[in-house]
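Participant:
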Amino acid sequence: MWTMLKQIVRTGLRTEATPQGNDDWRVERAEGERIHAEILAILGRALTIREVDAGSCNGCELEINALNNPYYNIEGLGIKFVASPRHADMLLVTGPVSRHMMVALQRTYAAMPAPKLVVAVGDCGCTGGIFGESYASCGKVSNVIPVDVAVPGCPPPPLDLLSGILTAIRSQK
Amino acid sequence: MSLSALNCQFQAVPGPLPMQRATVTREQWQAAPAAVDLVGGRLVSLWGSDRRGIDGGFAVSVAYAMAEGLVWLSLPLAETLAPVQPSYPDIARVFPAAGRMQRACRDLMGLVAEEVKDQRPWLRHGAWPEDYFPLRRENTGAESFAATPESYPFVMVEGDGVHEIAVGPVHAGIIEPGHFRFSVVGERVLRLEQHLGYKHKGIEKLFERTAPLEGHRLAGRVSGDTTVAFGWAYCMALESMAGCEISWRARWLRALLLERERVANHLGDLGALGNDAALGFGLAQFSRLKEDWLRLNRELFGHRFMMDRIVPGGVAIDLDVARGERIRSQCDAIEAEVRTLKDIYEEHGGLQDRFLTTGRVSPRLAGQLGLCGMAGRASAQASDLRMDFTWEPYAALQAVMTSHRNGDVAARVTVRFEEIFESLRLIREIIARLPQGRSLVPLDALPANGIGAGWVEGWRGDVLVTLELEAGSIRRCHCHDPSWQNWPLLEHAVMDNIVPDFPLINKSFNLSYSGQDL
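Here the protein sequences come in this chain order: A and B. Heads up: the first sequence begins at 51 in this note's numbering, then just goes up one per residue. Heads up: the second sequence begins at 3 in this note's numbering, then just goes up one per residue.
#1: Using the Cβ count rule (16 or more neighbours within 10 Å means buried), how would you classify B:Asn9?
#2: When you compare each of B:Gly17, B:Trp31, B:Asn451 and B:Gly282 to B:Gln11 by their alpha carbons, which one comes out closest?
#3: Which runs of the beta strand (DSSP E) fall wholly inside the stretch 354–437 of chain B and span at least 3 residues, in chain order?
#4: Between B:Gly17 and B:Thr468, what straight-line distance do the alpha-carbon atoms span, to the nearest angstrom?
#5: With contact counted as at least three CB pairs below 8 Å, one residue from each stretch, are the stretch 330–342 of chain B and the stretch 424–431 of chain B in contact?
#6: Report buried or exposed for B:Thr360, applying the criterion of at least 16 other Cβ atoms within 10 angstroms of its Cβ.
#7: As a quick exercise: from B:Leu77, B:Arg300 and B:Arg193, pick the residue whose alpha carbon is nearest that of B:Glu160.
#8: Using DSSP with H/G/I as helix, E/B as strand and the rest coil, what is B:Ser242?
#9: So which residues of chain B does A:Asn115 contact, with C-beta pairs closer than 7 Å?
#10: Measuring CB to CB, does B:Pro91 end up less than 9 Å from B:Arg28?
#11: State the DSSP-derived secondary structure class of B:Trp74, mapped to helix, strand or coil.
#12: Determine the burial state of A:Arg76: buried for a count of at least 16 other Cβ atoms within 10 Å of its Cβ, exposed for fewer.
#13: Can you confirm whether B:His480, when its beta carbon is compared against all beta carbons of chain A, has any partner nearer than 9 Å?
#14: Chain A beta carbons: is any one of them nearer than 9 Å to that of B:Val172?
#15: So, at 7 Å on beta carbons, what are the nonlocal neighbours of A:Asp74 in its own chain, with the 5 sequence-adjacent residues on each side left out?
#16: Spell out the partners DSSP gives A:Arg100 in its beta bridges.
#17: Buried or exposed: which applies to B:His165, given that a residue is buried once 16 or more other Cβ atoms fall within 10 Å of its Cβ?
#18: With a threshold of 7 Å on Cβ separation, who are the neighbours of B:Phe97 within its own chain once the five nearest residues in sequence on each side are excluded?
#19: Quickly, what does DSSP pair B:Met68 with across the bridge? List them, please.
#20: Could you tell me how far apart the beta carbons of A:Thr144 and A:Gly189 are, in whole angstroms, since I believe they sit closer than 8 Å?
#21: Any idea which residues DSSP pairs B:Phe184 with across the strands?
#22: Rounded to the nearest angstrom, what separates B:Glu117 and B:Gly226 at their Cα positions?
#23: Could you tell me which of B:Met68, B:Val64, B:Gly50 and B:Thr25 sits nearest to B:Gly43, measuring between CA atoms?
#24: Do you know how far the Cα of B:Asp52 is from the Cα of B:Phe60?
#25: Closest to B:Gly286 by C-alpha separation, out of B:Ala368, B:Val313 and B:Val340, would be which residue?
#26: So the candidates are A:Leu141, A:Asp173, A:His150 and A:Glu183; which of them puts its Cα closest to the Cα of A:Pro163?
#27: Look up B:Ala24 in the DSSP assignment and say whether it is helix, strand or coil.
#28: In the DSSP output, which residue or residues are listed as bridge partners for B:Cys481?
#29: Report the three-state DSSP secondary structure of B:Trp49 (helix, strand or coil).
#30: Give me the Cα-Cα distance between B:Val26 and B:Val64, rounded to the nearest whole angstrom.
#31: Within the chosen definition, does the stretch 213–233 of chain B reach the stretch 453–471 of chain B through at least 3 CB pairs nearer than 8 Å?
#32: Are there 16 or more other CB atoms within 10 angstroms of the CB of A:Ser3, so buried, or fewer, so exposed?
#33: When burial is assigned at 16 or more other CB atoms within 10 Å of the CB, is B:Ser6 buried or exposed?
#34: Going straight from the alpha carbon of B:Pro85 to that of B:Leu113, what length do you get?
#35: Quick one: which chain B residues come within Cβ less than 8 Å of A:Ser106?
#36: Alpha carbon to alpha carbon, what distance is there between B:Val458 and B:Trp254?
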C-alpha cells in the first residue's frame, strides 16, 4: 500500500498543468477545458457514448481506449463510455461495417434514445477505407445508419477523436 | 514415422528463418500430422488455394512449426463437379486447432475436410449463400447478396439449474465484436462456446486486387495491434519470393519496431488486467506509460502504432544518434516505472487473489491443443521464433525467452512483465549496435510468378503470411494470426471459473477478433 501511495504521489496529476513544462500537454488541457464547457453549455449534462466496433482492424479501438488515459482523461471532461446503447447519447462507430455486423449495428442504433448522435471513426468508417465494399463489407458507416460526423485517420489520434465528438455535439445547437 | 520418412521433395523457401515447402500425395498428407506430433512439432495454419489455370485444380496447404523450421505442405485436389466439393483428409484429429481453420477453408474456398462431424460454417453467417465461395477464381469478391440470417446451433448443456448467458456480438466495452455463449450453474461456468467471424471483411480476396508492392499496407490492417508483425511477415514473403536480402540495418530496425509493438501491447494489457481486478490504479499508471511510448513512436516514426513503416526492401524510417538517445532514455525511464509497478502488483493481495489459479491452462492441455505465443509460454510451451532459430538480429542480440508453468492469469501477467524487460533490453542493444548502411533499398524487380512466406513472432505469437504471385499480381495471400490457435483454449481456460472472472481471463490472453475473422 505504501509503495502504491508513493507511486501515486510521485506520478502526480498528469492532466493538470505541465509538471515538466511540456507545452503539448498545456495545449491539450486548454482544449479539454473548452470541450468540457461546451458539453455543459449544449447538453446541460454529461455526454454518454456507446462504442461499436462494426468491423475495424482494432487500430481505432486502441485510440478510443487511449481517450481514457490520464493525459486525455475523457471522463474528467464529463464524457463517459457506457455499456448499453439505451444509456447513450452518441454512437462512436468504427468500420468498415462488415456484412455480419450490419444487423447488430442497426439494432444498436434503434435501441438508442434521441438525440441519436453518430460519429463514424477512421478512414474505414468515413469511406470504407482500404477495405471498401465487397461480398463481406458494407463499406462506410453511413451506408448502414445515419452519420453526423466522420473523423478521418488511420487511426485518428485521440485529439482528433475528441474534436469529432465535440463537432457532433455542436451540431445539436 | 519421422517427416523425412515421408519422402517429400522439399524445396527451401528463402528467408531469414528456415522454411521449406513440398507438394505431397494424399498418403503423405495423411501421415504427416502424426509424424509432426511425434517429434513435438505444432500446427501453424491451414488454408486453401485455387490453382485452376496454373497447375490443375485446387490445393490445400498446411504449415507446421518444427525444429527444422517452417514446413509447408501442399496437397493438390482435383476439381470436382458441384455439388460434390473437393475434399482432403482431416488433420484435426491430431491437431484440434485445425478444426476451425478447416471450417473456414470450406466457407471461403469450398474445400471440405473428410469425415468431420462439425459441419457448421465458421466465417460465413449468412451474408452470402452457402454455394458462393469468395476465394474461388470465378468470383470477383465484389458480389453482394441479400443477407439471409442463419441460426447457429450452439451445443446445448442440459441439467438441473443450467442456464445460458448470451453475450455479443456488441460487447459492453471498447472491444471487438464476437459472440460468447456461456452455460452456467449459478456463477460457475460449465461451458463456453465462441461464435466468431463477425468482422470478416474479405481481406484475403481483397489481396487479389492489391498490387504486390502495396500488399504490406493491407497485411498491416489484418489486426491493428499487430500491424508491425504482419507488415514484416508480408514483406518477408515478398522478399523471399524476389530472392532479395534486405540490409542488416533494415533487419535491426524492423526488430526495433517489433519490440516496440510488443512493449506497447503488454503495457496496455497489464493496465487493463489491473482494472479488471478492480485496481484502477494499474490502468491509470500503465495507460500513462503506454501513451508516453506511443507519443515517441509518433515523434520518431511518424505513426503511433508504426503502421506502414515496414515496407518491401527495408523500413521507411531511420535513426540518428540523437533519436537513438531519445529511445534509450525512454527505455530507462519506462523500465524503472514498470519495475515499481511490478512490485506493487506482486504485493497486492487483492490482485494476486484474483490472478492466481484463475483461468488456468495446464501445460499438458496447452500442448495437446496447441496453445502458442505469449499465452503458450505461460503454460510451458517454450516456443518463440526469435529464439527457436538462429537468425539475425535476434541471435546477435542473444534474446532470452521467458516461460512459466502455471498457465493461469498470474503466469500470463508474469510472462508479460518479463517480456517487457527483455524487449527494453533488446531495444537498447539495437540502438547501441545498429549496423551502418541503408535502411531501405526499394524492391522494384519482382518475379512474375513465385511463392514466398514470412514468419514473425508478433507480441501475441507467430504470424504467418504466405504469398503466391501469378503474372505479376497476387494470386493468393494467406494471413494467419495466432489467435486462431488460442481462441479455443480460452473456452477451456474459463471452465469451472466464475462468470465475473471471464473479462479478466479474456484480457490475459487478449486475442484478436479481426485477425481471426479476416
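Every residue, glycine too, gets a C-beta built ideally from N, C-alpha and C.
Facilitator: Let me lay it out:
#1: With fewer than 16 other Cβ atoms within 10 Å, it is exposed.
#2: Closest by alpha carbon: B:Trp31.
#3: Runs found: none.
#4: Rounded to whole angstroms, B:Gly17 to B:Thr468 spans 12 Å at the Cα level.
#5: With the cut-off at 8 Å, the stretch 330–342 of chain B and the stretch 424–431 of chain B touch.
#6: Answer is buried; the Cβ neighbour count reaches 16.
#7: Answer by Cα proximity: B:Arg193.
#8: In the structure shown, B:Ser242 adopts helical secondary structure according to DSSP, grouped into three states.
#9: Going along chain B in sequence order, the residues near A:Asn115 (Cβ under 7 Å) are Ile176.
#10: Yes, Cβ-Cβ distance for B:Pro91 and B:Arg28 is below 9 Å.
#11: If DSSP states are grouped into helix, strand and coil, B:Trp74 belongs with the strands.
#12: Unreliable placement is indicated for A:Arg76, whose pLDDT of 39 sits below 50; the coordinate value is still reported in the next sentence. Label assigned to A:Arg76: exposed.
#13: Taking 9 Å as the CB threshold, B:His480 stays off the interface with chain A.
#14: Nearest CB-CB separation between B:Val172 and chain A: below the 9 Å threshold.
#15: At A:Asp74 the pLDDT is 39, less than 50, meaning the model places this residue with poor confidence; the figure from the coordinates comes in the next sentence. Taken in chain order, the list of residues that qualify is empty.
#16: By DSSP's assignment, A:Arg100 forms a beta bridge with A:Leu141.
#17: B:His165 comes out exposed.
#18: Correct list, in chain order: Pro35, Leu45 and Gly372.
#19: According to DSSP, B:Met68 bridges with B:Gly71.
#20: About 13 Å separates the two Cβ atoms, so there is no contact after all.
#21: Under the DSSP definition of a beta bridge, B:Phe184 partners with B:Ile167 and B:Leu194.
#22: If you draw a straight line from the Cα of B:Glu117 to the Cα of B:Gly226, it is about 36 Å long.
#23: Per the Cα distances, B:Met68.
#24: Whole-angstrom Cα-Cα distance: 5 Å.
#25: The sequence shown places Ala at residue 286 of chain B, rather than the Gly named in the question. That would be B:Val340, whose Cα lies nearest to the Cα of B:Ala286.
#26: The candidate whose alpha carbon is nearest that of A:Pro163 is A:Leu141.
#27: B:Ala24 carries a strand assignment under DSSP once its states are collapsed to helix, strand and coil.
#28: In the DSSP output, where bridge partners are listed per residue, B:Cys481 has B:Val467.
#29: For B:Trp49, the secondary structure class from DSSP, reduced to helix, strand or coil, is strand.
#30: The alpha-carbon separation between B:Val26 and B:Val64 amounts to approximately 11 Å.
#31: Contact holds: three or more Cβ-Cβ distances are below 8 Å.
#32: Because chain A here runs from 51 to 223, residue 3 of chain A falls outside it and cannot be looked at.
#33: The residue is exposed, with fewer than 16 neighbouring Cβ atoms inside 10 Å.
#34: Each residue's CA atom was taken as its position, placing B:Pro85 and B:Leu113 some 12 Å apart.
#35: Those within 8 Å of A:Ser106 in chain B are Glu178, Lys201, Gly226 and Ser516.
#36: Looking at the two C-alpha atoms, the distance is approximately 14 Å.
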